[in-house]
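Visitor: Below: one structure in structure tokens.
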Amino acid sequence: MAEPLIRMDGVHVAYNGDIMVLQGIDLDISRGQVTGIIGPNGAGKSTVLKTIFGLLQVKSGSLSLNGRDISRLKAHERALEGIAFVPQNRATFADLSVEDNLLLGCWPFRRDKARIARALESVYARFPILKEKRRDMARSMSGGQQRFVEIARALIVEPDVILLDEPTAMIAPKISKEIYALIRQLADDGATVVLVDQNVRQCVNVSDRLYVLELGRNKAQGSRDDFASDTQLRDLVAEWVNYKIDH
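This is the structure in structure tokens:
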């Protein structure tokens with residue numbers, strides 16, 4: 001079996017030094033697949049992504065990329081290693097044009113005009129609406145269109161790994177459908193996607209493998225088929241509802 005692209009082995013992460021959020025998480029992220037992470041609120045899903053990207057430090061355990069420990073690398077160093085992160089909270093610059101927002105993603109190769117031109121051409125081919133609106137201010141766009149800007153800016157450096165935190169939260173159904181199709185296409189094109197999503201059904205549909213977290217620990221894992229039946233999904237969601245009531 002091929003070694004995973006990203007491996008978290010017994011990872012513990014704490015906020016403010018002593019509030020333990022991840023408590024021994026184990027994850028294997030395979031190359032060229034969509035790995036979905038689901039679970040109730042407060043399970044530690046977003047914390048996993050922030051830890052992989054380097055926004056939070058590993059307190060104990062190991063985090064590796066291509067078999068090499070990256071737990072001490074800063075976020076910008078991990079970005080240079082090919083990891084991109086699209087957070088849940090809006091990250092567009094409202095008073096910049098769409099194209100200027102995208103150009104911010106070109107910072108690592110800002111002096112290479114030819115590469116910048118190729119990068120813009122590539123994202124415009126994938127997101128025609130952004131080419132159409134490239135001169136518009138980001139604030140004039142809908143929430144869904146701004147999400148496209150954020151994803152496109154992450155893709156402009158051609159990352160190996162794309163971390164997506166609730167990419168369809170508060171997004172219209174039509175654009176949500178386009179985002180899920182894009183996620184699947186990215187993996188089919190060879191990218192590695194790690195998806196945190198509260199839309200359990202859609203996350204299962206688009207993912208190759210899934211992890212269920214609860215209280216910062218592994219609860220379950222398996223392939224898409226292992227979670228495919230309506231009964232399995234209802235049981236999972238029912239557990240989360242009971243978890244919220246009991247806690």
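Going by full-length UniProt numbering, 209 is the number at position 209 of the sequence shown; the sequence numbering is gapless. Just so it is clear, CB atoms sit at the ideal spot from N, CA and C, and this is done for glycine as well. Here the structure is a predicted model, which is why all the values come from computation and not from measurement.
Tyr211 CB to nearest chain C CB: under 9 Å?
Guide: Here chain C cannot be found, since the structure has a single protein chain.
Visitor: Please report the straight-line C-alpha distance between Leu182 and Gly82, rounded to a whole angstrom.
Guide: Near 19 Å, if we compare the C-alpha coordinates of Gly82 and Leu182.
Visitor: Inspect the beta-carbon positions of Arg7 and Ser62 and report whether they are closer than 9 Å.
Guide: Result yes, Cβ atoms of Arg7 and Ser62 sit closer than 9 Å.
Visitor: Using 9 Å as the threshold, is the C-beta distance between Thr168 and Asp208 below it?
Guide: In this structure, Asp208 does not lie closer than 9 Å to Thr168 by Cβ.
Visitor: Helix or strand or just coil, what does DSSP make of Gln23?
Guide: Looking at Gln23 - three-state DSSP - the assignment turns out to be strand.
Visitor: Are Ala2 and Arg31 closer than 9 Å when you measure CB to CB?
Guide: Closer than 9 Å, so yes.
Visitor: For Lys244, name the three-state secondary structure that DSSP assigns.
Guide: Note that Lys244 scores 45 on pLDDT, short of 50, meaning its location in the model is unreliable; the coordinates nonetheless yield the value given after this. In the structure shown, Lys244 sits in a helix (DSSP, three-state: H, G or I).
Visitor: So what does Met8 bridge to, in DSSP terms?
Guide: Paired residue(s): Leu27 and Leu63.
Visitor: Quick check on Val98: does DSSP put it in helix, strand or coil?
Guide: DSSP places Val98 in helix when its eight states are reduced to three.
Visitor: May I have the straight-line CA-CA distance separating Ile19 from Lys59, to the nearest angstrom?
Guide: Approximately 11 Å between the Cα atoms of the pair.
Visitor: Output the distance between the C-alpha atoms of Lys177 and Cys203, rounded to the nearest integer angstrom.
Guide: Going from the Cα of Lys177 to the Cα of Cys203 covers about 12 Å.
Visitor: According to DSSP, is Val58 part of a helix, a strand, or is it coil?
Guide: If DSSP states are grouped into helix, strand and coil, Val58 belongs with coil.
Visitor: What is the rounded straight-line gap between the Cα of Phe227 and the Cα of Leu233?
Guide: So the two alpha carbons sit approximately 7 Å from each other.
Visitor: Give the DSSP-derived three-state secondary structure of Ser223 in the structure shown.
Guide: Strand at Ser223.
Visitor: Output the distance between the C-alpha atoms of Val13 and Gln23, rounded to the nearest integer angstrom.
Guide: Those two C-alpha atoms are separated by around 7 Å.
Visitor: Out of Gln33, Leu130, Tyr15 and Lys45, which has the shortest C-alpha to C-alpha gap to Lys219?
Guide: The option with the nearest alpha carbon to Lys219 is Lys45.
Visitor: Secondary structure at Asn218, three-state DSSP: helix, strand or coil?
Guide: Strand, per DSSP.
Visitor: Take the Cβ of Ala84 as the centre, count every other Cβ of all protein chains shown within 10 Å, and call the residue buried at 16 or more, exposed below.
Guide: Buried, since its Cβ has 16 or more Cβ neighbours within 10 Å.
Visitor: By Cβ distance, which residues of its chain are closer than 8 Å to Gly17, with the 5 residues on each side in sequence left out?
Guide: Correct list: empty, nothing qualifies.
Visitor: As a quick exercise: from Asn199, Asp160 and Asp235, pick the residue whose alpha carbon is nearest that of Arg78.
Guide: It is Asp160.
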